[in-house]
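Data block below; observations after.
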Amino acid sequence: MLNLNTEELVRLIETVFPRFPDDKELTILVDIPTQSADDHPQWLMRRRCAYEWFSQLRKEPRKLGLEIFLRGYPAVNSNNADLPSGAFELTAVPPDLSSDLKGPFL
Numbered sequence: 179m180l181n182l183n184t185e186e187l188v189r190l191i192e193t194v195f196p197r198f199p200d201d202k203e204l205t206i207l208v209d210i211p212t213q214s215a216d217d218h219p220q221w222l223m224r225r226r227c228a229y230e231w232f233s234q235l236r237k238e239p240r241k242l243g244l245e246i247f248l249r250g251y252p253a254v255n256s257n258n259a260d261l262p263s264g265a266f267e268l269t270a271v272p273p274d275l276s277s278d279l280k281g282p283f284l
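Counting in the working numbering, the final residue of the sequence shown is number 284, and the numbers go up one at a time with none missing.
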């Protein structure tokens with residue numbers, strides 16, 4: 179998954195997510211550990227993957243015809259738990275801890 183080129187990534191998104199006429203943006207959500215003890219290599223890899231995909235898609239916005247966002251939120255630390263009501267807009271590699279999330283909370 180980390181080594182998809184832009185065309186493969188666009189094809190994946192178009193295949194998995196149906197496009198509706200009102201769609202204007204695609205947001206990639208990433209959860210950020212609240213404590214360093216909770217983090218592990220696979221989680222770090224997923225955060226890096228989210229940023230890689232965001233970066234690829236932002237370079238060629240016409241490919242999907244959507245505005246692309248990356249947003250991070252503090253991990254809820256439980257499967258199927260309610261997500262926070264908003265997330266922080268990210269423009270760089272996600273931080274290692276949620277306490278380092280900065281910027282607009284949307």
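Built from N, CA and C at the ideal position, the CB exists for glycine as well.
Keep in mind the model is a prediction, meaning the values are calculated, not measured.
{"Query": "Straight-line gap, Pro-262 to Leu-284 (C-alpha atoms, nearest Å)", "Result": "10 Å"}
{"Query": "Meets three-Cβ-pair contact criterion under 8 Å: the segment 185-200 and the segment 214-223", "Result": "no"}
{"Query": "Length of the line joining the Cα atoms of Val-254 and Asp-260", "Result": "8 Å"}
{"Query": "Contacts around Trp-231, its chain only, beta-carbon distance under 7 Å, and the 5 residues preceding and following it disregarded", "Result": "Leu-187 and Ile-206"}
{"Query": "Which listed residue (Tyr-251, Asn-258 and Arg-240) has its alpha carbon closest to that of Asp-278", "Result": "Tyr-251"}
{"Query": "Cβ contact (3+ pairs, closer than 8 Å) linking the segment 266-280 and the segment 235-251", "Result": "yes"}
{"Query": "Leu-182 and Ile-246 closer than 8 Å at C-beta", "Result": "no"}
{"Query": "Reference Ala-270; option with closest CA among Phe-195, Phe-198, Pro-196 and Arg-225", "Result": "Arg-225"}
{"Query": "Identity of the residue in Asp-200, Asp-216 and Gln-234 nearest Glu-185 by Cα", "Result": "Gln-234"}
{"Query": "Start-end ranges of the beta strand (DSSP E) lying completely within the segment 230-267, minimum 3 residues", "Result": "245-252"}
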